[in-house]
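Below: one structure, written as C-alpha cells.
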Amino acid sequence: MRLGDYLVEEGYISPSQLKFSLQESKRRARLLGEVVVELGYVSESIVAGFLASHAEAGFIDFSQVDIDVSALDAVPYAMALKFKLLPLNITDKEITIAMADIYNVVAIDAVEKACGLAVHAVAAAETELLEVLMLYYAQEATIEDTIKEVMRQVDLEDNGEQSDSPLAALVNQILMLGIRSQATDIHIEPEENALRIRMRRDGVMHEEVIIPSRIKAAIIARVKIMADMDITEKRIPQDGRIRFMLGRKKVDLRVSSLPTQHGESIVMRILDTSHGPASLDDLGFSPKALARFKKALATPYGIILVTGPTGSGKTTTLYASLGEIDTEQRSVFTLEDPVEYAMSGVRQTQIREDIGMSFAKGLRALLRQDPDVILLGEIRDNETAALAVRAALTGHTVFSTLHTNDAVSAIPRLLDMDIEPYLLPSALVAVVAQRLVRKLCPSCKKEVPNVEEILAQFGLAETPEDVHLWKAVGCDACKQSGYIGRQAIYEVLLMDDAFHEPIMHGAGRKDMLKLAKAKGMKLMLEDALLKAIQGITSIEEIMRVMK
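Per our numbering, the sequence shown starts with residue 15, numbered consecutively.
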C-alpha cells in the first residue's frame, strides 16, 4: 500500500487533502511524507511508522530507548547530521542506527565504510532524531575538541589531502551552545589574532570561547552560507536568517554582518518561535498595573505606546497586547521590522527600508485597507508620528514603541515630533514604560540583613510588614552568575482630560510626573523594589538596570 492510500484508509486525511498534497509534492519536488507533515495533516511519527513497517524495519521512540554513547565515536558528527541518522548501540559485529529516511542506502553504505561493521537500521521521526542527535553529540565532543579537529583538517588540506571538514559541526556546536544556554544573541567577533565568541544571557555578555585566527574566515563564511548571505561581498553590511527545527522547537536566528578592521563581525539573534507570543497575564505586571493596562486596551481607539531602551522586551509586550484583541470581530494589521511571530488572524507586513517600504509609507498604504487595529513596530520620525495620530483620531487603535526612559517622557518626545499639543490628549490613550531585570537563582539566593535601612534609601511608601530581600550568590545551576532568566518591571500611564491643560501650556516633565502619580501611576522603581521584596530580583540588579 502506498503512503497516500494508507493515510486515507486510516482516516488521517481526506481524499481531497491527498489530492492537494500530491499536487504540492509534485510542484515542490518533495516527498509526499514531507508535504503532509508540513501541511499539518499528520505527525512525523505517523509517516515514519508507516515507512518503517513498509520497509519491514523497526520504529523507535527516543523516550523509550537507551543510547550507548560509545556508539557515537564510530560515526562522525558531520556524517550523522548529513544523513540524519544517530548511532544507538554497537557490538563487535554490528552497529544499530536510527534513520529519518530508512530507504537511504547511500547513508547505510557510508556508515558501513566508516566503522567497518554491518548496519542494522531502524526508523525514527526526523525532528525528534535531530534533537537527540545534536544533544548527544554536543555533550560528547567539546567545542575545543572540534576546533582542534578543524585545525587538523586545515593542515591536511594544506598538504593536499582531502577529508570531510568538521567546520559545519563546529558552527552547529556554537549555535547549540547558544540555544541550550538560553542566550538571546551570539556574537562572532574577529580580532587581529583570534575569533572571539561571546553570548548575551539575561542581558549580560559572556565570553564562551576563543578560536584561532587561521579559521575565522571559514567560520564567518559558513555562517553566511547558512543565513543565505553573499559570501563574496565583505565590504557592506548584510542581513540574513537561519531557520531550523530543534526537535519540536522552531528556532529562528536573525543574522547581521558588519565589516570591521579585522573581518566581518557577525551577530545572531536567537528567537524561539515554537510557543508563539506570551500572554499578557504572564509578563509580570503587578495586579494594579495589569488592570490599568487592560483598561487602556478596552478603549475603542487611540494610541497605546510601549517605551524603553533596545532589548527591554517592548515587542513582547506589544504581541501580548494583540493577544487581547478579538481578531474575529476586528481587522488587525501589523508593520514590523522584522516580523517575529506569525499570529493567526493578523495580517503582518515586513518593513523593507532598502526598497523604500518604510513605516510611514507602509502605514499610509495600510490605512486604505480598512483596519481596526494597527501595530507599528516603532515610531521613528515625524511623518510616522503624524500618521499614527491621524489614525488614532479617525477611530483606529494604534500600538507602537518609542525610545524614552520613562512613560511621561513620551509626551514631550511626541511634541518634539511636531505633533500639535491640542491633538495629543485626544489621541494618546496610554504609555507603558518597561525594563528587564535578571531573576535571582532560586537554588543559591541568600537573604540579606538590614532590609529596612536599604529600603529607606529609596523612600518606598508601601512595604509589607515582614520584609525580606535577597542577593545573588552563584552556583552550578546558574553558571555562577546568581541569576536565571529575566523579569519585566513596568509603569503604566493612563491619559485623561487632566493632562490637556498641562500639555497645552507646555508643562515640564516634573509636572507631568507629579500629575501621573496623582492619577495612580506607580513608578518602575517602585515596581522593581516590590519584586525585590518578593524575592524575584536583587537590589544590586535594580541599581544596575535603573542607573
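A virtual CB, placed ideally from N, CA and C, is assigned to each residue, including glycine.
The distance from the Cβ of residue 481 to that of residue 393 is about 40 Å, inconsistent with a contact at the 8 Å cut-off. Here residue 156 is exposed, its C-beta having fewer than 16 other C-beta atoms within 10 Å.
The continuous beta strand (DSSP E) containing residue 448 extends over residues 442-454. Under the DSSP assignment, residue 508 falls in the beta strand (DSSP E) whose first and last residues are 497-508.
For residue 322, no pairing in a beta bridge is given by DSSP. The beta-carbon separation of residue 239 and residue 233, rounded to 11 Å, does not stay under the 8 Å limit for a contact.
Residue environment analysis places residue 272 among the exposed positions, since fewer than 16 neighbouring C-beta atoms fall within 10 angstroms of its C-beta.
The residue from 305, 415, 348 with its alpha-carbon nearest to that of residue 321 is 415. The bridge partners DSSP lists for residue 208 are 226.
In the DSSP annotation of this structure, residue 21 is not part of any beta strand (DSSP E); the continuous alpha helix (DSSP H) holding it starts and ends at 17-23. Residues 270 of the same chain have their beta carbon placed closer than 6 Å to that of residue 253, with the five preceding and five following residues left out of the count. Boundaries of the alpha helix (DSSP H) harbouring residue 560: 553-560, taken from the DSSP string.
Here residue 453 is buried, its C-beta having at least 16 other C-beta atoms within 10 Å. Assignment of residue 201 by DSSP, reduced to helix, strand and coil, places it in the strand class. Assigned with DSSP and collapsed to three states, residue 104 falls in strand. Shown here, residue 231 sits in a helix according to DSSP, grouped into three states. When rounded, the separation of the alpha-carbon atoms in residue 516 and residue 145 is 58 Å. Excluding its 5 nearest sequence neighbours in each direction, residue 236 has C-beta neighbours in its own chain below 6 Å: 181, 185, listed in chain order. The residues 551, in chain order, have a CB closer than 6 Å to that of residue 545 in the same chain once the five nearest residues on each side in sequence are set aside.
The C-beta separation of residue 137 from residue 122 comes to about 12 Å, leaving the pair out of contact by the 8 Å criterion. Under DSSP, residue 219 takes part in a beta bridge, and its partners are 214.
The C-beta of residue 323 has fewer than 16 other C-beta atoms within 10 Å across all chains shown, which makes the residue exposed.
In this structure the stretch 358-368 lies against the stretch 335-346, because at least three pairs of beta carbons, one per stretch, are closer than 8 Å. The stretch 412-432 and the stretch 521-537 touch, with three or more beta-carbon pairs separated by less than 8 Å. Judged by pairs of C-beta atoms under 8 Å, the stretch 345-352 does not touch the stretch 436-448, as fewer than three such pairs exist. For residue 37, the uninterrupted alpha helix (DSSP H) segment begins and ends at 29-42.
Between the stretch 275-282 and the stretch 481-490, the count of Cβ pairs shorter than 8 Å is below three; the stretches do not touch. Residue 34 and residue 46 have their C-alpha atoms spaced approximately 10 Å apart.
Taken in chain order, the complete alpha helix (DSSP H) segments of 4 residues or longer contained in the stretch 332-410 are 373-380, 396-407. Going by beta carbons, residue 374 and residue 398 fall inside the 7 Å limit. By alpha-carbon distance to residue 318, the top candidate from 384, 518, 410 is 410. In terms of CA proximity to residue 118, 99 leads the group 105, 99, 132. Counting along the chain, the unbroken alpha helix (DSSP H) around residue 52 starts and ends at 46-52. Proximity to residue 382 across 370, 329, 225, 405 peaks at 405, based on C-alpha coordinates.
By the criterion of at least three beta-carbon pairs nearer than 8 Å, the stretch 70-78 is not in contact with the stretch 86-97. In chain order, 139 place their CB closer than 7 Å to the CB of residue 59, counting only its own chain and leaving out the 5 sequence neighbours on each side.
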